[in-house]
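Trainee:
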Ligand SMILES: [Zn+2]
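Numbering (our numbering), first residue to last: 45 to 134.
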């Protein structure tokens, strides 16, 4: 059931193949984006990052979980960026 006023976004959990849809209001999404280290996952999907010590839960909402990356994960994110960019260039 779609919730009025909420937009679908792809889950941003540690599983790169994850295509789960999470729904946030535009306000919620903009709030997340004001924090570069924060990302949203589907409920339960935060476990991958949390158990790896790569992130901490900073908020649990109706339909999504807000996670903040810790330092090591920030480095991994940067590596992944390079990897993705290399793929585009190649
Ligand atoms: Zn996920």
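Think of the CB as a built atom: it goes at the ideal place given N, C-alpha and C, for glycine as much as any other residue. Computed from a predicted structure; not experimentally measured.
Exposed or buried, residue 96, counting other C-beta atoms within 10 Å across all chains shown (16 or more means buried)?
Mentor: Residue 96 should be labelled exposed.
Trainee: Using a threshold of 7 Å, is the CB atom of residue 86 nearer than that to any non-hydrogen atom of ligand 1?
Mentor: Residue 86: yes, Cβ under 7 Å from ligand 1.
Trainee: How long is the line joining the alpha carbons of residue 135 and residue 110, rounded to whole angstroms?
Mentor: This structure does not reach residue 135, given that the chain is present from 45 up to 134, and the question cannot be answered.
Trainee: Which term fits residue 89, buried or exposed, when burial requires 16 or more other beta carbons within 10 angstroms of its beta carbon?
Mentor: Label assigned to residue 89: buried.
Trainee: Classify residue 128: buried if its beta carbon has 16 or more other beta carbons within 10 angstroms, exposed otherwise.
Mentor: Residue 128 should be labelled exposed.
Trainee: At a threshold of 7 Å, does residue 106 count as lining ligand 3 (C-beta to nearest heavy atom)?
Mentor: Ligand 3 is not part of this structure, which contains only ligand 1.
Trainee: At what residue ranges does the stretch 46-92 contain a whole run of the beta strand (DSSP E), taking only runs of 3 or more?
Mentor: Counting only runs of 3 or more, we get 50-54, 65-69, 82-85.
Trainee: For residue 56, which residues from the same chain have a beta carbon less than 7 Å from its beta carbon, with the 5 sequence-adjacent residues on both sides left out?
Mentor: Counting only Cβ-Cβ distances below 7 Å, and skipping sequence neighbours, we find 83, 84, 85.
Trainee: Under the three-state reduction of DSSP, which class applies to residue 99: helix, strand or coil?
Mentor: Here residue 99 sits in strand by DSSP.
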